[in-house]
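> Numbering (full-length UniProt numbering), first residue to last: 1 to 611.
Sharing a structure with you now.
Here it is in structure tokens:
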């Protein structure tokens, strides 16, 4: 009789710290049955070893000796199947073997498969990440065939290029087995790897790869997962991934200084420097950009205390001198990576003001700083320009924040979204022609362009924001009664500019709205819902809820600073700042007389440059 088994794996919250991981190792060693899963602390440099001790395992651990590139990692050692195992145990062993980074070609995992299926199974086709439940014992087996079903909850997909995409829904993956002379073997299963969240944390590195924007002047972060390679140190693994180019989310949107076919020959440490040995040099005018890519990509691994050096085929980069790279090179190359003292702006008494010392708001020079209730939703460029939306949403005007600066109309339309600047001094908006037709527009100061955005043209776009890296873009989209927030990328230049790769990151309840969105940095977006929920969203993680305030109407952010325009029960506006130390929203902004009282309208619609 054909039988079916439902498998719910087990998973506990992972203890923290090296001692906790060692305890987990010992507990796992005690749980020895037909399938054993050995967890150990291992070092890339092989300083940590697993020693079997009477069915258990112990850890021999060496210190790092100051090397920042060889942190320990949790190691899963797979074991081959045995003849007496049940179908459930075979599937459990196969799952453990899939999680072993030491078996890179998954040779042991293939031993759980029939010869025919082992030739078809492709572990390189991607990773399905899931949460586990409980394991139920299988029923008795009958005619030499069995069906085991792995049930759980989907949490993410990792593409072949390392892109991590959160997802949801039930996991319901069947495994078909047949019994042969060597015992039960799997003859049909899902392609790719099936890994629990804990497996992924153990077997993959979270890496921020740094690439160059379309102008070759700024940096763009590509967040990926990189499989741990036990034969290489972490830095080598990540630089090798950098040389392969961006993930699918950023293909066509970014550049790299490295020549095609450049190979990494090695990464080691010498004299408090991380030495990177390449097979090819970069073009002479791209040495600075290359240095920024390397420093940014390795910043987290080296913890900021190590400088870098690049060599070519083991020789100094220049014939007569070295090529040192400062650990802060990426910050010097692109100041928006960690901007310094950048003041926010806001509207008050019908004028645009900047928030200066002692939280006093001062009117900006020019017409923008004069009382004018006809404009709202200001957006600030990094070149002392401000754009604002007319009260009727039919026009966006721009002026210089300089003495004598005058408002000049740039874009006109039927119903325009609030303006957004990119780092190239180009203004963006969306014209909503009706509830299901939108047109993305951009103006570079000389000419207006239509932007190709197929995923936005048949819906109503409520808001559009370009990130400070000039590549990532966020849009609030309404279709029928539902709104969602999507993040995508900008590709091309001039008339060839497009918005592509849009993926939802936040879905709100039916008949609910999104009040505002604001980029924290190049990868993280704040979302303010109509219910005054404040969420932190990105393309690589589920949205995280932050403390909010029901009075908040609009938001702006710049790295660690988060400001909000709020309206009290009497309709009075005020500017709130999130104090991370006290974990509270606090009122800020005084007028030039040092008072928090404003004669007309209080502070509203705060805006950081390029926010």
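For each residue, glycine too, the CB sits at the ideal point set by N, CA and C.
Values in this document were obtained by computation on a predicted structure and should not be read as measured data.
1. Which one of 121, 486, 177 and 574 has the shortest CA to CA distance from residue 144?
2. Taking just the CA atoms, how far does residue 453 sit from residue 464?
3. Just verifying my parser: in three-state terms, what is the DSSP assignment at residue 539?
4. For my contact list, residue 425 and residue 383 are in at a C-beta cut-off of 8 Å; report their separation, rounded to the angstrom.
5. Do you know whose CA, among 578, 190, 125 and 120, lies nearest residue 149's CA?
6. To which residues does DSSP link residue 211 through a beta bridge?
7. For residue 541, which residues of its own chain have a beta-carbon under 7 Å away from its beta-carbon, when the five flanking residues on both sides are left out?
8. Can you have a look at residue 257 and say buried or exposed, based on whether 16 or more other CB atoms are within 10 angstroms of its CB?
9. Ends of the alpha helix (DSSP H) at residue 237?
10. Go ahead and pull the three-state DSSP assignment for residue 120.
11. From the DSSP output, read off the bridge partner residues of residue 493.
12. First and last residue of the alpha helix (DSSP H) that includes residue 87?
13. Just tell me which of 405, 332 and 373 has its CA closest to the CA of residue 364.
14. Given a threshold of 16 other Cβ atoms within 10 Å of its Cβ, counted over all protein chains shown, does residue 313 qualify as buried or as exposed?
15. So, helix, strand or coil for residue 336, using DSSP?
16. If distances are taken between C-alpha atoms only, which option among 225, 220 and 120 comes closest to residue 203?
17. Should residue 607 go down as buried or exposed, given a rule of 16 or more other Cβ atoms within 10 Å for buried?
18. Check the Cβ-Cβ distances between residue 396 and every residue of chain D, and say whether any is below 8 Å.
19. Pull the bridge partners of residue 604 from the DSSP assignment, please.
20. Can you confirm whether the segment 234 to 243 touches the segment 494 to 509 when touching is taken to mean that 3 or more C-beta pairs between the two stretches lie within less than 8 Å?
21. Let me confirm a value: residue 610 is counted as buried when at least 16 other C-beta atoms fall within 10 Å, else exposed. Which label applies?
22. Hey, could you find the ends of the alpha helix (DSSP H) residue 199 is sitting in?
23. Quick check on DSSP: helix, strand or coil for residue 475?
24. Contact between the segment 475 to 486 and the segment 502 to 520 is defined here as three or more beta-carbon pairs at a separation below 8 Å; is this criterion met?
25. From residue 211 to residue 282, what does the alpha carbon distance come to, in whole angstroms?
26. If you check the beta carbons only, do residue 395 and residue 418 fall under 8 Å apart?
27. Rounded to the nearest angstrom, how far is the Cβ of residue 534 from that of residue 554, given a contact under 8 Å?
28. Judging by CA-CA distance, which residue of 222, 557, 230 and 275 is the nearest neighbour of residue 306?
To lay it out plainly:
1. 177
2. 12 Å
3. coil
4. 6 Å
5. 190
6. 220
7. 166
8. buried
9. 234 to 244
10. helix
11. According to DSSP, which records beta bridges pairwise, residue 493 is partnered with nothing at all.
12. 87 to 98
13. 405
14. exposed
15. helix
16. 225
17. buried
18. You won't find chain D in this structure, because it holds only one protein chain.
19. 347
20. no
21. buried
22. 197 to 203
23. strand
24. yes
25. 14 Å
26. no
27. In fact, because the Cβ distance is near 12 Å, the residues do not count as touching under 8 Å.
28. 275
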